[in-house]
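The sequence shown begins at 25 in the numbering used here and counts up one residue at a time.
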Amino acid sequence: RLIERERVTVCHGVPTMFQLLMRDASFGSRNLSTVRTGIVAGSPVSPDLVRQIRRWNDVQIAYGLTETGPTVTLTRPADSPEQRERTVGRPIAGVEVRVVDLKSDELHGMGLAGELAVKGPNVMAGYHRMPLETKRSFTDDGYFLTGDLAALDDEGYVTIVGRRQEMIIRGGQKIFPRGLEDLLRTHPAVDDACVVGIPHDLLGELVCACVVPVEGAIVTGEELKEFCREQVADDKTPDLVRFFDAFPMTGSGKVKRKELAQVVELELSAT
25 RLIERERVTV
35 CHGVPTMFQL
45 LMRDASFGSR
55 NLSTVRTGIV
65 AGSPVSPDLV
75 RQIRRWNDVQ
85 IAYGLTETGP
95 TVTLTRPADS
105 PEQRERTVGR
115 PIAGVEVRVV
125 DLKSDELHGM
135 GLAGELAVKG
145 PNVMAGYHRM
155 PLETKRSFTD
165 DGYFLTGDLA
175 ALDDEGYVTI
185 VGRRQEMIIR
195 GGQKIFPRGL
205 EDLLRTHPAV
215 DDACVVGIPH
225 DLLGELVCAC
235 VVPVEGAIVT
245 GEELKEFCRE
255 QVADDKTPDL
265 VRFFDAFPMT
275 GSGKVKRKEL
285 AQVVELELSA
295 T
């Protein structure tokens, strides 16, 4: 209603905001033709959601953090559909990025996932009155370690694969939740998905897919496991699937992953 009344031309927001906007019952009947562009940022954006938004609004995808002022990378209108759907674009002017190996802290090769490091005039000088945290967060040559796992291609496009602290290690195998989440969201009965690690005595962690089904859809955990097996290796498929009416969210529209994992842990301990 506000977009139509105020004739809004630019619409920025986190992915959840765009999802809720497009789900509104009046969305299709409103005149939103004044909106020319916008930016989606703040949390991972699935390729499917990017396609949905771009049918209405020619948005760009941005990536950044509070510590980086906030923007690090941005897609551009001239980028290909593939680049705009599956990457967060290239660094903005004056910003340098590189991908660092998680174990050795050495530079990673093109296309390999590691921790994204950022350097530029937009990066903070440090955390206020937290010298040890500041020291841990920067490399010796001044790059800020974001805590995000990413891959860099030979054209400079950055693909975010997850948060370092969200990475699941099952039986020594590293699993990045985002790829599995994006896959699950392509299932017609899945509205949203969040993949978390659950402690396990033997394997270290189990992979649990938390799913919000599409309203009225009927789907089982086994169906979703089989759906994943058809498209990814067995060692990357979920061990568990749990269904939720909605995910707990932060005020900025991000899923509270730790809270989800705790709910599943409590459920398992009670059985």
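Backbone N, C-alpha and C define an ideal beta-carbon position, used for all residues, glycine too.
Option nearest residue i by Cα separation, candidates the options
i	options	result
His224	Val119, Asp129, Leu292, Pro68	Leu292
Glu289	Cys232, Arg160, Glu254	Cys232
Phe271	Arg31, Thr92, Val236, Cys252	Val236
Pro101	Ile85, Pro94, Arg110, Thr92	Ile85
Val142	Asp263, Val124, Leu44, Tyr151	Val124
Ile199	Glu109, Thr261, Leu56	Thr261
Asp216	Ser50, Asp164, Leu73	Leu73
Gly275	Cys234, Gly133, Thr97, Gly37	Gly37
Ile63	Thr97, Leu208, Asp206, Ala213	Thr97
Leu176	Gly228, Gly113, Lys282	Gly113
Arg278	Phe42, Arg25, Cys35	Rather than Arg, the amino acid found at residue 278 in this sequence is Lys. Selected option, being the one with the closest Cα: Phe42.
Gly118	Leu131, Leu126, Glu109, Thr95	Thr95
Leu230	Ile192, Arg209, Cys218	Ile192
Met46	Val219, Glu157, Arg79	Arg79
Asp269	Pro115, Val214, Lys282, Gln286	Val214
Exposure label - residue i; buried when at least 16 CB within 10 Å
i	result
Ala174	buried
Ser242	Looking at the sequence itself, residue 242 is Ile, so the reference to Ser does not match. It is exposed - the Cβ of Ile242 has fewer than 16 other Cβ atoms within 10 Å.
Asn81	buried
Gly52	exposed
Glu254	exposed
Asp178	exposed
Ser104	exposed
Pro201	buried
Ile77	buried
Arg60	exposed
Val226	Rather than Val, the amino acid found at residue 226 in this sequence is Leu. Leu226 comes out exposed.
Thr163	exposed
Ala49	exposed
Gly66	buried
Thr40	buried
Thr99	buried
Span separating the alpha-carbon of residue i from that of residue j
i	j	result
Gln107	Phe267	32 Å
Arg187	Lys249	23 Å
Val238	Arg75	18 Å
Thr111	Thr33	24 Å
Asp129	Ile27	47 Å
Ser161	Gly93	16 Å
Leu140	Thr183	10 Å
Gly221	Leu284	10 Å
Asp172	Ala137	10 Å
Pro155	Ser70	36 Å
Gly144	Tyr87	15 Å
His211	Thr244	12 Å
Gly150	Gln197	34 Å
Asn146	Gly133	25 Å
Val265	Met273	19 Å
Glu91	Met148	5 Å
Gly195	Arg31	54 Å
Val121	Gly240	44 Å
Glu190	Val83	27 Å
Ala257	Pro68	23 Å
Cys252	Leu169	32 Å
Gly228	Ala294	20 Å
Arg25	Asn55	9 Å
Val219	Gly180	28 Å
Leu44	Ile116	29 Å
Three-state secondary structure (DSSP) of residue i
i	result
Asp259	helix
Ala241	coil
Thr183	strand
Leu264	strand
Lys282	helix
Gly203	helix
Pro272	coil
Leu227	coil
Val38	coil
Val32	coil
Could you pull out every unbroken alpha helix (DSSP H) segment of at least 4 residues lying fully inside the stretch 47-131, listed in chain order?
71-78, 105-110
Can you list the beta strand (DSSP E) stretches of 3 or more residues lying completely in the stretch 135-194, in chain order?
138-143, 168-176, 182-187, 192-194
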